[in-house]
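Working notes for the structure below.
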Amino acid sequence: MKKCVVLMSVAFCISLGAVRAQTNLVGEHIEGGWYYSLYDDYGEKTAILTHVLEALDVRDLQIPEEVFDLGSYSYYKVTGIGDGVFKECSSLRKVTLPPSVRSIGESAFERCDSLESINLENVSKIGPYAFYGCLLLSHITLGPLYEISDRVFSQCGIRSVTIPESVEKIGEYAFDGCDKLLSVTIPDNVESIGAYAFDGDGLCKLVIGHGVKKIGNEAFGSVIYEVRSLAEEPPFYDRSSMDGDLFWSGTYKYGILYVPEGKVDAYRNAPGWDRFVDIRDSEVPDSVPNPIKSITFDRDTIILIRDKWNNGLVFWEITPENASYPRLAFDVEDPGAGMDFSISVGSREIRANAWNYAFDKERPFRSDTATITARTTDGTGLSATCTVIYIMEQATTFSLQQDSIVIESGDAFHGTCVLLPQYASYVYNIEWKSSDESVARVMSRHWSNRNYGIRGGNPGTVTITARTTDGSNLCDSCVVTVLPSSTNIGQVEDPRMSVYASEGSIVVSGAQSGRSVAVYNTAGIVVRETVV
294 MKKCVVLMSV AFCISLGAVR AQTNLVGEHI EGGWYYSLYD DYGEKTAILT HVLEALDVRD
354 LQIPEEVFDL GSYSYYKVTG IGDGVFKECS SLRKVTLPPS VRSIGESAFE RCDSLESINL
414 ENVSKIGPYA FYGCLLLSHI TLGPLYEISD RVFSQCGIRS VTIPESVEKI GEYAFDGCDK
474 LLSVTIPDNV ESIGAYAFDG DGLCKLVIGH GVKKIGNEAF GSVIYEVRSL AEEPPFYDRS
534 SMDGDLFWSG TYKYGILYVP EGKVDAYRNA PGWDRFVDIR DSEVPDSVPN PIKSITFDRD
594 TIILIRDKWN NGLVFWEITP ENASYPRLAF DVEDPGAGMD FSISVGSREI RANAWNYAFD
654 KERPFRSDTA TITARTTDGT GLSATCTVIY IMEQATTFSL QQDSIVIESG DAFHGTCVLL
714 PQYASYVYNI EWKSSDESVA RVMSRHWSNR NYGIRGGNPG TVTITARTTD GSNLCDSCVV
774 TVLPSSTNIG QVEDPRMSVY ASEGSIVVSG AQSGRSVAVY NTAGIVVRET VV
């Protein structure tokens, strides 16, 4: 499997010029196992990174802005990454591109299944399959692209994408299999959308811009509950097979198509659009003879466990059953990288899935929460919510390994709890409580090594309780006895007096009012004298 190499280079200049074809190849440059093709187009010296040898196992990759070629004694600005250069680089997590890079070749980062971050704001050309199969690539900001190529982000973990206004064409399968992509807005400049472009299971909301003229076969997968077309004329359905359709059948049956005012009939008579049961040109129907009176979920929380075959189901119910407009709108807020969602209206269920991808155990992935909201669309304004909690692994064993602890005021006890399995989630979020924090409190805890600390305060006895918060509801406690501190306290003149140290202070009790109290250090020097 191909790995990556880090090249140390000093950045000297920045160019924001447009991408142009390199036509005058003048040589090849090799540095640190990286190969560049060098071009000189009328004095503009540029370099394209073509392949990598002598691979190193790296996580963070910095592409140099320019390279220096000794043969020509010239600097060449790096403007592109060639085809397949970092394909299947499994160690790669983050890529930083300089502003000079304006093009990325076909399959350049294909199947980099650990890649989480790459800055694409200045890139104006990305080849097909460039990021195919980048499972952890969840958020992207695209630059001034004219076209989003075929399969460029297919099978990625993308959760959100902003399509630039410069884009005029979206290729076939461009975002196919991006099951975590819940909402898409197609900007007005886009004219054509290729077949299966957004064929994923998660899409719930879709906005189609004014300028879209042609859409390919099954461009939009899953059941989309809210489709808004801003095009005055229904976009042409470019059928590529006789057994396909523009949308999935569930979208036609359960989704709502919102169209410009006065265009309901035009869409109802257009191929690919005519199968929608509910087409509206306003947010609220003009007449609702039988409005929805209530909407409820059968549970308010779903807990998902990573690497377990588990689907969290929540069912909703509306009353009355024969409501005039029973279709609902759905929102999923703040979904974490470990969750997938599918909504099945036929059985009135929402299915939340835990993603079973094997994350790097050296850096356990944090747990996530999301909120699902179902809303009525008949103007009644009713809604219901459900919280989804995704955890890496549910705890099966939890112990503080201490029944009782004895410490002095101002001192600390450091312990290690048992929490199994090894990568149980919410470790760092264990709930700790002290029955009296003035006596003893939990001062530190660490999710990775199970360490915790308890600091003593005033003399007394308290109970420290710890409870898991991942749904396993495991609990353990220990009794902490805090004794007066004997540190640096030698002789007390009056046996009726009690003197002890507590969190940096010396506490004197039992002395008669008006008596003078002096504190000596071990050398016999008075360090403090006061009247109590």
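Heads up, the final residue of the sequence shown is numbered 825 in my numbering, and it's a clean run with no missing numbers. Ideal Cβ positions, reconstructed from N, Cα and C, are used throughout, including at glycine.
What would DSSP say about residue i, mapped onto helix, strand or coil?
i, result
"S542", "helix"
"R521", "strand"
"V577", "coil"
"V557", "helix"
"Y489", "coil"
"Y439", "coil"
"Y547", "helix"
"D353", "strand"
"T774", "strand"
"C768", "strand"
"R760", "strand"
"S476", "strand"
"V445", "coil"
"R748", "strand"
"K380", "coil"
"E399", "coil"
"V607", "strand"
"Y466", "coil"
"N649", "Bear in mind that the predicted position of N649 carries a pLDDT of just 46, short of 50, making it unreliable; the figure below should be weighed with that in mind. It is coil, neither helix nor strand."
"S410", "strand"
Under 8 Å between the Cβ atoms of residue i and residue j?
i, j, result
"S702", "C771", "no"
"A733", "I723", "no"
"D373", "R404", "The sequence shown places Gly at residue 373, rather than the Asp named in the question. Against a cut-off of 8 Å, the Cβ pair of R404 and G373 comes out as no contact."
"I598", "Q687", "yes"
"V454", "P480", "no"
"Y369", "A401", "no"
"N510", "S533", "yes"
"V351", "L318", "no"
"V416", "I441", "no"
"G504", "W541", "no"
"G605", "V681", "yes"
"R620", "D571", "yes"
"Y489", "A512", "yes"
"H344", "V378", "yes"
Keeping to the same chain, check which residues put their C-beta closer than 7 Å to that of residue i; ignore five residues upstream and five downstream.
i, result
"L413", "I433, T434, L435, G436"
"S727", "A733, R734, V735, V755, I757"
"S692", "C710, V711, D769"
"F446", "F424, A467, F468, C471"
"Y719", "Residue placement at Y719 is poorly supported in this model, since its pLDDT is 48, which falls under 50; the coordinates are not used for a value here."
"T589", "W609, E610, A677"
"P527", "A559, Y560, A563, W566"
Please work out which residues of its chain come closer than 6 Å, Cβ to Cβ, to residue i, disregarding the five sequence neighbours upstream and downstream, and give them in chain order.
i, result
"C471", "C449, I451, G493"
"S476", "K498"
"G565", "Y530, L539"
"V520", "L499, G548, L550"
"A616", "N583, I585"
"T774", "V699, T754"
"L390", "I356, N412"
"E525", "P553"
"F569", "Y545, L550"
"F826", "The first residue shown for the chain is 294 and the last is 825, placing residue 826 beyond what the model contains."
Note the first and the last residue of the continuous beta strand (DSSP E) segment covering residue i.
i, result
"V460", "Per DSSP, V460 belongs to no beta strand (DSSP E) and is neither H nor E."
"V360", "359-362"
"K506", "Premise fails: K506 is in no beta strand (DSSP E) and is neither H nor E."
"K726", "724-727"
"Y369", "367-374"
"G320", "318-324"
"K586", "Unbroken run through K586: none, as it is neither H nor E."
"I433", "432-434"
"Y328", "327-334"
"A340", "337-345"
"K387", "387-389"
"S453", "453-455"
"Y422", "Premise fails: Y422 is in no beta strand (DSSP E) and is neither H nor E."
"Y530", "529-531"
"F513", "Premise fails: F513 is in no beta strand (DSSP E) and is neither H nor E."
"A622", "621-626"
Is residue i near the ligand COA - that is, is its Cβ less than 7 Å away from at least one heavy atom of it?
i, result
"V581", "Absence of the ligand COA is noted for the structure shown, with no ligands found whatsoever."
Below 8 Å CB to CB, which residues in the same chain sit around residue i once its five sequence neighbours on both sides are set aside?
i, result
"N766", "R760"
"V371", "Y329, T339, A340, I341, L342, I356, P357, E358, E359, V360, P391, S393, V394"
Legend entry - Ranges of the beta strand (DSSP E) found wholly within the segment 657-718, counting only runs of at least 3: Counting only runs of 3 or more, we get 661-669, 676-684, 690-692, 697-701, 705-709, 711-713.
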